[in-house]
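Peer 1:
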Amino acid sequence: MVSVELQDYLQHHFVLKNESLHVSDGSEQNGIIHISVIKRTVRTRRIVARLMVGSTTDLQGIDKIPTKLTNSFKSPNTKKQVDLSEETYEWIRFGWVIREIRLEKDERTVKTERYRMGFVLYQLSLKVQAEAEEESRNWLLDWNKQWEVARSSDVPGFEQDQRADVVALLASQLDEFTSETDSVLAGETKLIERMHPSWRLKKQVLYLHFLIALYKLACTEKHFDWKQIGASYYRKIGGSKKFDAYKKEFIEETENLLHRPIQLLGLASMGTITPLFFTGPMQGNYVDYGYGTVHATTDLAVFSETFKTTADVLWLVENRGVLTRMAYEEEFLRDTKSFVLGVDGQVRSAHRQLISQLVACVSQVIIWTDVDEAGHLIAEQLYKLTEDENVLTKWIVPPLTVETEWGTFASKYQQSIQMSKEEQEQEIGGVELWKKWINH
Numbered sequence: 001m002v003s004v005e006l007q008d009y010l011q012h013h014f015v016l017k018n019e020s021l022h023v024s025d026g027s028e029q030n031g032i033i034h035i036s037v038i039k040r041t042v043r044t045r046r047i048v049a050r051l052m053v054g055s056t057t058d059l060q061g062i063d064k065i066p067t068k069l070t071n072s073f074k075s076p077n078t079k080k081q082v083d084l085s086e087e088t089y090e091w092i093r094f095g096w097v098i099r100e101i102r103l104e105k106d107e108r109t110v111k112t113e114r115y116r117m118g119f120v121l122y123q124l125s126l127k128v129q130a131e132a133e134e135e136s137r138n139w140l141l142d143w144n145k146q147w148e149v150a151r152s153s154d155v156p157g158f159e160q161d162q163r164a165d166v167v168a169l170l171a172s173q174l175d176e177f178t179s180e181t182d183s184v185l186a187g188e189t190k191l192i193e194r195m196h197p198s199w200r201l202k203k204q205v206l207y208l209h210f211l212i213a214l215y216k217l218a219c220t221e222k223h224f225d226w227k228q229i230g231a232s233y234y235r236k237i238g239g240s241k242k243f244d245a246y247k248k249e250f251i252e253e254t255e256n257l258l259h260r261p262i263q264l265l266g267l268a269s270m271g272t273i274t275p276l277f278f279t280g281p282m283q284g285n286y287v288d289y290g291y292g293t294v295h296a297t298t299d300l301a302v303f304s305e306t307f308k309t310t311a312d313v314l315w316l317v318e319n320r321g322v323l324t325r326m327a328y329e330e331e332f333l334r335d336t337k338s339f340v341l342g343v344d345g346q347v348r349s350a351h352r353q354l355i356s357q358l359v360a361c362v363s364q365v366i367i368w369t370d371v372d373e374a375g376h377l378i379a380e381q382l383y384k385l386t387e388d389e390n391v392l393t394k395w396i397v398p399p400l401t402v403e404t405e406w407g408t409f410a411s412k413y414q415q416s417i418q419m420s421k422e423e424q425e426q427e428i429g430g431v432e433l434w435k436k437w438i439n440h
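The opening residue of the sequence shown carries number 1 in the working numbering; numbering runs sequentially from there.
This is the structure:
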């Protein structure tokens, strides 16, 4: 009446410690089997639960299981309250759900009544899981094959310039992803851990294909546009749109991976050149900026040139409003030999690159951000760019005071956030206060 497989399922997922199924006393009525769960001690034996289980135990030949059941019962441990009806009895009969009634010590009074995943639904979940794992395995194997072909293909050589360096860096990263996909295939991890933590594996693999497509174009085309990436890789109708849904995310992930703007690989028509705003003296290979106004350069310039400054104090501020306010004080900037860089609310790869070049030229860095969670994160990111340099780093905390130790700053900042969040522009101070911070 009750198969060994069904008994094993019930024993493993429904029966608690010191309990056992009493299958021999089970009874069947209209395709539903009633089974008692017995708890035994040295002196007692009592019925602690009753199960209503479907006699159907085979996936073959059953009608499609309602979506609301597959969505509601994700595992055998899921417990739901369901109104008892003719439909519910059908669910039990087909093995889609199991009715579990837990009893009080008198063996009659109902303590709880819950519905849980039936054996047929459980088998279906295992089948779906196995198919998903096989599909994921095929995705990864296909990607490994595609990268192996792309890596071994003969491609036109580059002169030893920055473009070649970025292409080589991308190839190196793809090689590292190969070992990470091997870990997923071996069952050591579920996801590629070095990638964005919120991405599912399917999206991660699509991103890996995007990187191969980008690599192949960077090796063969001097310039290309966004649509060429998918079109040249998939070579079928709709291929040009394959990566469109994740355009912004994929570009950001790639720039974080390479610490370079994606345009350096040859991507021309993106319209996403990132400006960097600053005030103060800065010299590059082809430009020379002085005091007197707010200047702007681009991410492409930052990665194409080497910049330096004659300034002694590097101000890293979160908001453009603070930058423009300080730029008006030309005499202050000259007297204190200050250079002010605005990060516009987000530390991008270009900001990191420029800061790494300029920090070697100055004796102190002053970090000034909004008093909120994002401001704290930006302050920490900027600190990590300067902590290994031989430079004095300072932070501004409310009420417009300066700290020189990260731990003290972080503690005071968190206290300020709890009390009142505010933007930099609310309290900017002025020249005399700024000089005090420098001389602190």
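Every residue, glycine too, gets a C-beta built ideally from N, C-alpha and C.
Quantities reported herein were computed from a predicted structural model and do not represent experimental measurements.
Look at the alpha carbon of M52 and the alpha carbon of Q146, and state the distance between them as a whole number of angstroms.
Peer 2: Residue 52 sits at position 52 when you count from the first residue of the sequence shown. Residue 146 sits at position 146 when you count from the first residue of the sequence shown. Cα to Cα, the separation comes out at about 52 Å.
Peer 1: Rounding to the nearest angstrom, what Cα-Cα distance links S411 and E405 in this structure?
Peer 2: The residue given as residue 411 occupies position 411 in the sequence shown. The residue given as residue 405 occupies position 405 in the sequence shown. C-alpha separation (whole angstroms): 10 Å.
Peer 1: Would a C-beta distance cut-off of 7 Å place I273 and I262 closer than the cut-off?
Peer 2: On the sequence shown, position 273 is the one that residue 273 refers to. On the sequence shown, position 262 is the one that residue 262 refers to. Not closer than 7 Å, so no.
Peer 1: So, does the segment 110-123 touch the segment 40-59, judging by three or more C-beta pairs under 8 Å?
Peer 2: yes
Peer 1: By Cβ distance, which residues of its chain are closer than 7 Å to T88, with the 5 residues on each side in sequence left out?
Peer 2: Sequence index remark: in the sequence shown, residue 88 carries index 88 (1-based). Only V82 meet the Cβ criterion.
Peer 1: Drop a sphere of 10 angstroms on the beta-carbon of I441, count the other beta-carbons inside from all chains shown, and report buried for 16 or more, exposed for fewer.
Peer 2: This structure leaves residue 441 out entirely; the chain is present only between 1 and 440.
Peer 1: In three-state DSSP terms, what is F224?
Peer 2: The residue you call residue 224 lines up with position 224 of the sequence shown. Secondary structure of F224 (DSSP, three-state): strand.
Peer 1: Pairing CB atoms from the segment 14-26 with CB atoms from the segment 35-45, are three or more of them under 8 Å?
Peer 2: yes
Peer 1: Which residue marks the beginning of the alpha helix (DSSP H) containing M117, and which one marks its end?
Peer 2: Within the sequence shown, the letter at position 117 stands for residue 117. M117 -> not in any alpha helix (DSSP H); beta strand (DSSP E) instead, spanning 110-117.
Peer 1: For the beta strand (DSSP E) containing A49, list its first residue and its last residue.
Peer 2: The residue you call residue 49 lines up with position 49 of the sequence shown. Where A49 is concerned, the enclosing beta strand (DSSP E) stretches over 45-54.
Peer 1: Quick one: any contact between the segment 298-316 and the segment 325-343, if contact means 3 or more CB pairs under 8 Å?
Peer 2: As far as the Cβ criterion goes, the segment 298-316 touches the segment 325-343, which means the pair count is three or higher.
Peer 1: Under 7 Å Cβ to Cβ from P281, same chain only, skipping five residues before and after it: list those, please.
Peer 2: Position 281 of the sequence shown, counting from 1, holds the residue named residue 281. Excluding sequence neighbours, P281 sits near Y289, G290, Y291, T309, T310, A311, F339.
Peer 1: What are the boundary residues of the beta strand (DSSP E) that includes H34?
Peer 2: Indexing the sequence shown from 1 puts residue 34 at position 34. First-last of the beta strand (DSSP E) with H34: 32-40.
Peer 1: With a cut-off of 8 Å on the beta carbons, I'd call D299 and L276 a contact; round off their distance for me.
Peer 2: Taking the sequence shown and counting its residues from 1, one reaches residue 299 at position 299. Taking the sequence shown and counting its residues from 1, one reaches residue 276 at position 276. Correct: roughly 7 Å between the Cβ atoms.
Peer 1: Between the segment 137-152 and the segment 211-219, do three or more beta carbon pairs fall short of 8 Å?
Peer 2: A contact is defined here as three or more CB-CB pairs under 8 Å, and the segment 137-152 meets this definition with respect to the segment 211-219.
Peer 1: Quick one, are the C-beta atoms of E107 and I33 less than 7 Å apart?
Peer 2: Locating residue 107 in the sequence shown gives position 107, where the first residue counts as 1. Locating residue 33 in the sequence shown gives position 33, where the first residue counts as 1. Not a contact, by the Cβ cut-off of 7 Å.
Peer 1: Does DSSP put W406 in a helix, in a strand, or in coil?
Peer 2: Taking the first residue of the sequence shown as 1, we reach residue 406 at position 406. Here W406 sits in helix by DSSP.
Peer 1: Given a cut-off of 7 Å on the beta-carbon distance, is the pair S198 and T189 in contact?
Peer 2: Within the sequence shown, residue 198 is the residue found at index 198, counting from 1. Within the sequence shown, residue 189 is the residue found at index 189, counting from 1. In this structure, T189 does not lie closer than 7 Å to S198 by Cβ.
Peer 1: Thinking F224 and L267 are a contact (beta carbons under 8 Å), I'd like their distance in whole angstroms, please.
Peer 2: Locating residue 224 in the sequence shown gives position 224, counting from the first residue. Locating residue 267 in the sequence shown gives position 267, counting from the first residue. The Cβ separation is near 6 Å, so the contact holds.
Peer 1: In the segment 256-303, which residue ranges form an unbroken alpha helix (DSSP H) of at least 4 residues, counting only runs that do not cross its ends?
Peer 2: none
Peer 1: Do Q381 and V347 count as a contact pair if the criterion is CB distance below 7 Å?
Peer 2: Translated into the one-based positions of the sequence shown, residue 347 becomes position 347. Translated into the one-based positions of the sequence shown, residue 381 becomes position 381. In contact: V347 and Q381 (Cβ atoms closer than 7 Å).
Peer 1: DSSP puts H22 in a beta bridge; with which residues?
Peer 2: Taking the sequence shown and counting its residues from 1, the one referred to as residue 22 is at position 22. Under DSSP, H22 takes part in a beta bridge, and its partners are S36.
Peer 1: Suppose you measure from the CA of Q424 to the CA of Q415; what does that come to, to the nearest Å?
Peer 2: Residue 424 sits at position 424 when you count from the first residue of the sequence shown. Residue 415 sits at position 415 when you count from the first residue of the sequence shown. Legend: pLDDT at Q424 = 46, less than 50; position of this residue unreliable, value from coordinates given subsequently. When rounded, the distance between both Cα atoms is 16 Å.
Peer 1: Might you give, ordered along the chain, the residues of its own chain that have their beta carbon closer than 8 Å to the beta carbon of G31, omitting 5 neighbours on each side?
Peer 2: Position 31 of the sequence shown, counted from the first residue, corresponds to residue 31. Cβ neighbours of G31 beyond the five flanking positions: G54, S55, T56, R93.
Peer 1: E87 lies in the beta strand (DSSP E); which residues open and close that run?
Peer 2: As a first step, residue 87 is located in the sequence shown; it is residue number 87 there, counting from the start. No beta strand (DSSP E) contains E87, which is instead part of the alpha helix (DSSP H) from 86-93.
Peer 1: Helix, strand or coil: which one does DSSP assign to S240?
Peer 2: Taking the first residue of the sequence shown as position 1, residue 240 is located at position 240. Three-state DSSP puts S240 in a helix.
Peer 1: Would you check if the distance between the CB atom of L265 and the CB atom of V166 is smaller than 7 Å?
Peer 2: Position 265 of the sequence shown, counted from the start, is the residue given in the question as residue 265. Position 166 of the sequence shown, counted from the start, is the residue given in the question as residue 166. Yes, the Cβ-Cβ distance between L265 and V166 is below 7 Å.
Peer 1: Could you pull out every residue in the same chain whose Cβ sits closer than 7 Å to the Cβ of V397, ignoring the five residues on either side in sequence?
Peer 2: Taking the first residue of the sequence shown as 1, we reach residue 397 at position 397. Cβ neighbours of V397 beyond the five flanking positions: E403, F409, K412, Y413, S416.
Peer 1: Along the beta strand (DSSP E) that carries E100, what are the first and last residues, could you check?
Peer 2: For this step, residue 100 is matched to residue 100 along the sequence shown. Its beta strand (DSSP E) spans residues 97-103.
Peer 1: Looking at the structure shown, is F14 part of a helix, part of a strand, or coil, going by DSSP?
Peer 2: Counting from 1 along the sequence shown, the entry for residue 14 is found at position 14. F14 falls in the coil class under three-state DSSP.
Peer 1: Using a beta-carbon distance below 7 Å, is T297 in contact with chain D?
Peer 2: Absent here is chain D; the protein component of the structure consists of one chain.
Peer 1: Tell me the rounded alpha-carbon separation between E180 and L208.
Peer 2: For the purposes of this step, residue 180 is taken as the residue at position 180 of the sequence shown. For the purposes of this step, residue 208 is taken as the residue at position 208 of the sequence shown. Straight-line Cα distance between these residues: approximately 11 Å.
Peer 1: Whole angstroms is fine: what's the gap from T279's alpha carbon to D372's?
Peer 2: Taking the first residue of the sequence shown as 1, we reach residue 279 at position 279. Taking the first residue of the sequence shown as 1, we reach residue 372 at position 372. Their Cα atoms are separated by approximately 25 Å.
Peer 1: Since Q204 and L191 should fall inside the 8 Å C-beta cutoff, what is the C-beta to C-beta distance between them, to a whole number of angstroms?
Peer 2: Against the sequence shown, residue 204 aligns to sequence position 204. Against the sequence shown, residue 191 aligns to sequence position 191. Confirmed, about 6 Å.
Peer 1: Can you give me the start and stop residues for the beta strand (DSSP E) that F339 sits inside?
Peer 2: Against the sequence shown, residue 339 aligns to sequence position 339. Unbroken beta strand (DSSP E) run through F339: 338-342.
Peer 1: Determine the burial state of L124: buried for a count of at least 16 other Cβ atoms within 10 Å of its Cβ, exposed for fewer.
Peer 2: Mapped onto the sequence shown, residue 124 falls at position 124. With at least 16 other beta carbons inside 10 angstroms of its own, L124 counts as buried.
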